[in-house]
Amino acid sequence: MLFVLIVLSGCSQNADSKADIFQYKDSYVGDNSAVGNIVNQLNYSNELKQISLHTKEQPYGITLEYNDITADKEIKETVIANATYLFALIQNVDWIAFKFPANEFTVTKTEIQHWYNNKLDGFENEEDLKNLIKEHLNSEDSVNQFFSK
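One gets my numbering by counting positions in the sequence shown from 1 and adding 3 to each.
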């Protein structure tokens, strides 16, 4: 499998320079610039150690490896929110693997859309997507159910 590795530098964007993340809507997993720009705007981007794009054969995927996120609630929120954004913005990504110091999770587009009972590629703005995420993260039982699969 071909791994396209992008090692992110330690610089992070400040809130004033943050671009509209939906400018990357309909990107492809093979576009490492678009994927990197999306990921740099997601939760805990400052803790991101490495991005790997898996584009040689379908199903296409992304691996995100994080440093120093160990709290269970933060991990679950990061997995759900970041996967939601990536699946909503990148047309051909089928799965996303999240690696943390103590755990790993793989989320498929089918799984998360089923959990939301909503197709993610239909979202056209960040506010609507944030509201969907917030609504589902408010239910601890629902979040735990997602991770018990």
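Using N, Cα and C, we set each Cβ at its ideal position, and we do this for glycine too. Given the structure is predicted, the values throughout are model-derived calculations rather than measurements.
{"Query": "Relative to the C-alpha of LEU56, which residue among ALA105, TRP118, ILE99, ASN121 is closest?", "Result": "ILE99"}
{"Query": "Can you list, in chain order, the residues of its chain with a C-beta nearer than 6 angstroms to that of ASP19? Leave out the 5 residues immediately preceding and following it.", "Result": "Low confidence applies to ASP19: its pLDDT is 37, below 50, so where it sits in the model is not reliable enough to give any reading."}
{"Query": "For LEU51, which residues in the same chain have their Cβ closer than 7 angstroms to its Cβ, ignoring the five residues on either side in sequence?", "Result": "LEU11, VAL42, LEU67, TYR69"}
{"Query": "Measuring CB to CB, does ASN46 end up less than 8 angstroms from ASN106?", "Result": "no"}
{"Query": "By the 10 Å Cβ neighbour count, where 16 or more other Cβ atoms means buried, how is LYS76 classified, buried or exposed?", "Result": "exposed"}
{"Query": "Between ASN141 and SER36, what straight-line distance do the alpha-carbon atoms span, to the nearest angstrom?", "Result": "32 angstroms"}
{"Query": "Check for me: the alpha helix (DSSP H) holding THR81 runs from which residue to which?", "Result": "75 to 92"}
{"Query": "Check for me: the beta strand (DSSP E) holding LYS52 runs from which residue to which?", "Result": "51 to 57"}
{"Query": "Taking the CB atoms as reference points, tell me whether ASP131 and LYS112 lie closer together than 8 angstroms.", "Result": "no"}
{"Query": "For SER30, is the classification buried or exposed, using 16 other Cβ atoms within 10 angstroms of its Cβ as the cut-off for buried?", "Result": "buried"}
{"Query": "By Cβ distance below 7 angstroms, which residues in the same chain neighbour LYS79 in space, the five residues on each side in sequence not counted?", "Result": "VAL146, PHE150"}
{"Query": "Find the nearest neighbour of LYS122 within the set GLN53, TYR27, PHE90, judged by alpha-carbon distance.", "Result": "PHE90"}
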